[in-house]
Amino acid sequence: QKTAYEMLRSLVGSEMCIRDRSSSPALVQMPAFQNLTWKLLLVGRLLRVTPDDVERKLIALEELSTLNQALAAAQKAGAAQATTIAAKIEKIHREFYLLEGRSAPGNVNLSDDKLSAGMLYSLRDHLELLKQEEINLRAAFRAACPNKDRPSVELTGLRDMIDACARSLSLGDFMQDAQDMFSELFYLRGEKRRPFSLPEFLDVLGKWMELYGLFRKHDKFKAGYISVNNMVECMEEFGALMGYKPTPFHVMELCVEFDIDSGFGVTWEEFRLVMHRWIESKKKGDDMGKGAHGADALPTRDVLQPTTVEELRQLFTKFGKPNGTFDVLALGGLFEEICYSFNLGGTLSDLFRLFRAVEHTSEISWDQFVSVLGKWIILKQLFVNYSKDGGSTILGSDLEYPLRDLKEMWGCFDPRYGNNDVSVMAKEVASSVNTPMLTFEEFCNACLLYTSDAADEEDSVDLGGRRIIKKKKNR
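For the sequence shown, position 288 matches number 288 in our numbering, and the numbering has no gaps at all.
#1: Hey, quick one: how far does the alpha helix (DSSP H) through residue 252 stretch, first residue to last?
#2: Is residue 304 helix, strand or coil when you go by DSSP?
#3: Would the beta-carbon of residue 443 fall within 8 Å of that of residue 383?
#4: List the residues that DSSP assigns as beta-bridge partners of residue 437.
#5: Can you check whether the CB of residue 236 is closer than 8 Å to the CB of residue 246?
#6: Have a look at residue 150 and residue 91 and give me their C-alpha separation to the nearest angstrom.
#7: When the Cα atoms are used, what is the spatial distance from residue 142 to residue 148?
#8: Here's the rule I'm using: 16 or more other beta-carbon atoms within 10 Å means buried, otherwise exposed. How should residue 381 be labelled?
#9: Can you tell me the Cα-Cα spacing of residue 167 and residue 102, whole angstroms?
#10: Buried or exposed: where does residue 135 fall if 16 or more other Cβ atoms within 10 Å of its Cβ makes it buried?
#11: For residue 53 and residue 124, what's the separation of their Cα atoms in angstroms?
#12: Select from 263, 265, 277 the residue whose C-alpha is nearest the C-alpha of residue 257.
#13: So, helix, strand or coil for residue 260, using DSSP?
#14: Could you check where the alpha helix (DSSP H) with residue 424 kicks off and where it finishes?
#15: Look at the alpha carbon of residue 184 and the alpha carbon of residue 333, and state the distance between them as a whole number of angstroms.
#16: Between which two residues does the alpha helix (DSSP H) containing residue 168 stretch?
#17: Using the beta-carbon count (16 or more within 10 Å), is residue 402 buried or exposed?
#18: Closest by CA to residue 41, which one among 133, 72, 191?
#19: What does DSSP give as the partner residues of residue 152 in its beta bridges?
#20: In the DSSP assignment, find the alpha helix (DSSP H) that holds residue 183 and state where it starts and stops.
#21: Tell me whether residue 66 sits in a helix, a strand or coil according to DSSP, three-state version.
#22: Residue ranges of each alpha helix (DSSP H) run of no fewer than 4 residues wholly in the segment 98-132, ordered along the chain?
#23: Report back the beta-carbon spacing between residue 312 and residue 406 to the nearest angstrom; my notes put them in contact at under 8 Å.
#24: Between the C-alpha atoms of residue 175 and residue 431, what's the straight-line distance to the nearest angstrom?
#25: Do residue 280 and residue 188 have their CB atoms nearer than 8 Å?
#26: Can you give me the start and stop residues for the alpha helix (DSSP H) that residue 373 sits inside?
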């Protein structure tokens with residue numbers, strides 16, 4: 001048998017030589033992050049939820065899949081085990097979003113959740129790598145703490161601690177921006193300033209990393225801002241693993257509170273402030289509108305900001321009668337001031353039709369006045385939020401989003417179709433115009449069905465301005 005030195009040079013590396021080579025085991029390669037955005041998202045989510053909780057949720061998803069198949073087979077065969085299997089499934093649904101820390105229950109059902117499963121599977125694919133990153137962070141935190149037994153960090157030492165964590169994660173100096181979130185936390189929770197323990201530090205750092213990753217993900221052209229619609233999508237992702245979903249009223253309240261101009265987009269600083277405020281409010285159980293923590297009844301004037309209600313009160317007093325009512329025939333003199341003050345657009349006939357829907361005589365009371373204009377103001381906010389050209393028009397393909405929000409707010413819907421068929425209504429509205437986009441006047445005309453016509457046939461809607469929101473009862 002010839003040795004390697006006696007082989008012809010043309011045979012080296014050929015199939016004949018490779019066949020006689022002793023087989024060696026293949027190297028196990030660790031999965032790598034696709035890019036910086038992906039790394040920020042995955043590491044941030046793991047720090048917020050903890051590895052143990054991620055594994056618990058993954059086991060729950062696998063068990064749920066098996067139980068659903070068993071339940072379908074038991075129901076088909078008429079077996080008595082169907083009740084027991086259904087009880088186990090209900091228990092998994094009830095305990096899926098429970099966290100180790102203290103937080104309010106979520107407002108999302110696992111059966112309606114379209115995001116959590118995909119996010120958990122992404123974490124599973126990189127779980128070993130993410131665990132190693134978390135171990136490195138814990139080691140860097142303990143190494144930078146003078147007290148090794150009970151490691152904690154003061155606010156004055158946050159800069160050096162964040163630098164150490166950035167070096168551990170191979171990230172740049174931009175992580176120093178996370179320092180502001182630590183100071184904001186005491187204000188949002190109403191607590192006194194104190195040192196941060198290791199779990200608290202990792203939680204806040206994880207929130208910042210995920211938020212920065214979400215902003216980079218939606219700021220595709222590196223313009224420095226994203227749309228309000230993108231911010232709502234980020235809210236859904238940010239709260240998915242905790243069972244939190246934003247409600248339209250809450251988003252509007254935050255946009256007004258932080259003075260976000262929807263026409264110019266949401267900058268990173270505004271985005272971080274709004275998202276941090278939103279998630280901490282959800283953890284405390286504070287919310288507006290329909291949901292697990294919603295009110296039994298929500299008047300329109302309670303949705304508006306106090307300054308907006310005060311401006312409406314001044315206009316009502318200026319054109320009102322001494323008896324505290326407003327003559328609908330005096331609407332012409334009021335219309336110009338209303339459109340100028342609130343940038344509503346529309347036509348006088350639209351507003352006149354809305355007022356005629358709520359009055360039985362020629363006079364309008366204050367409650368009816370603020371109800372109608374409150375609806376119009378909210379329609380304008382929804383229109384601007386989902387507009388992609390600064391509030392001039394809205395695409396017909398995007399109509400389903402604002403119509404879905406309107407349904408969640410007041411519940412008014414076209415009585416000819418099922419209560420859940422928002423897509424049918426969106427297609428009807430889109431087909432009512434000759435262009436692929438709608439102006440605010442056309443959008444407002446279509447939404448009159450929600451605020452007046454459909455309300456006549458809904459028992460849960462009072463045309464005086466109150467939408468009765470019934471709490472869901474657990475069976």
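Where a beta carbon is used, it is the ideal one built from N, C-alpha and C, also for glycine.
Inspection of the coordinates gives the following:
#1: Within the sequence shown, the letter at position 252 stands for residue 252. Where residue 252 is concerned, the enclosing alpha helix (DSSP H) stretches over 248-257.
#2: For the purposes of this step, residue 304 is taken as residue 304 along the sequence shown, with counting starting at 1. For residue 304, the three-state secondary structure derived from DSSP is coil.
#3: Position 443 of the sequence shown, counting from 1, holds the residue named residue 443. Position 383 of the sequence shown, counting from 1, holds the residue named residue 383. Contact flag set, yes.
#4: Taking the first residue of the sequence shown as position 1, residue 437 is located at position 437. BP columns for residue 437 point to 395.
#5: Stepping through the sequence shown from its first residue, residue 246 is reached at position 246. Stepping through the sequence shown from its first residue, residue 236 is reached at position 236. Yes, the pair counts as a contact, with Cβ atoms nearer than the cut-off.
#6: Against the sequence shown, residue 150 aligns to sequence position 150. Against the sequence shown, residue 91 aligns to sequence position 91. Pairing residue 150 with residue 91, the inter-Cα distance amounts to about 37 Å.
#7: As a position in the sequence shown, residue 142 is number 142, starting the count at 1. As a position in the sequence shown, residue 148 is number 148, starting the count at 1. The straight-line gap from Cα to Cα measures roughly 6 Å.
#8: Mapped onto the sequence shown, residue 381 falls at position 381. That one is buried.
#9: Position 167 of the sequence shown, counting from 1, holds the residue named residue 167. Position 102 of the sequence shown, counting from 1, holds the residue named residue 102. Taking the straight line joining both Cα atoms gives about 31 Å.
#10: By one-based count along the sequence shown, residue 135 stands at place 135. Classification for residue 135: exposed.
#11: Locating residue 53 in the sequence shown gives position 53, counting from the first residue. Locating residue 124 in the sequence shown gives position 124, counting from the first residue. Each residue's CA atom was taken as its position, placing residue 53 and residue 124 some 12 Å apart.
#12: Your numbering for residue 257 matches position 257 in the sequence shown. For residue 257, the nearest C-alpha among the options comes from 277.
#13: Numbered from 1 along the sequence shown, position 260 holds the residue referred to as residue 260. In the three-state DSSP reduction, residue 260 falls in the coil class, being neither helix nor strand.
#14: Mapped onto the sequence shown, residue 424 falls at position 424. Taken as a continuous stretch (DSSP letters only), the alpha helix (DSSP H) holding residue 424 covers 422-431.
#15: In the sequence shown, counting from the first residue as 1, residue 184 sits at position 184. In the sequence shown, counting from the first residue as 1, residue 333 sits at position 333. Taking C-alpha positions only, residue 184 is separated from residue 333 by approximately 46 Å.
#16: For the purposes of this step, residue 168 is taken as the residue at position 168 of the sequence shown. Taken as a continuous stretch (DSSP letters only), the alpha helix (DSSP H) holding residue 168 covers 158-169.
#17: Numbered from its first residue, the sequence shown carries residue 402 at position 402. Here residue 402 is buried. Its C-beta has 16 or more other C-beta atoms within 10 Å.
#18: Sequence index remark: in the sequence shown, residue 41 carries index 41 (1-based). With respect to the C-alpha of residue 41, the residue from 133, 72, 191 having the closest C-alpha is 133.
#19: In the sequence shown, residue 152 corresponds to position 152, counting from 1. Paired residue(s): 197.
#20: To locate residue 183, count along the sequence shown from 1; it is residue 183. That run of the alpha helix (DSSP H) goes 179-189.
#21: Along the sequence shown, one-based indexing puts residue 66 at 66. In this structure, residue 66 counts as helix in the three-state DSSP scheme.
#22: 116-125, all fully within the segment 98-132.
#23: The residue given as residue 312 occupies position 312 in the sequence shown. The residue given as residue 406 occupies position 406 in the sequence shown. No, residue 312 and residue 406 are not in contact; Cβ-Cβ is about 20 Å, not under 8 Å.
#24: Sequence index remark: in the sequence shown, residue 175 carries index 175 (1-based). Sequence index remark: in the sequence shown, residue 431 carries index 431 (1-based). Using only the alpha carbons, I get a separation of about 48 Å.
#25: Taking the first residue of the sequence shown as 1, we reach residue 280 at position 280. Taking the first residue of the sequence shown as 1, we reach residue 188 at position 188. In terms of Cβ geometry, residue 280 and residue 188 form a close pair [threshold 8 Å].
#26: Mapped onto the sequence shown, residue 373 falls at position 373. 366-386 is the extent of the alpha helix (DSSP H) around residue 373.
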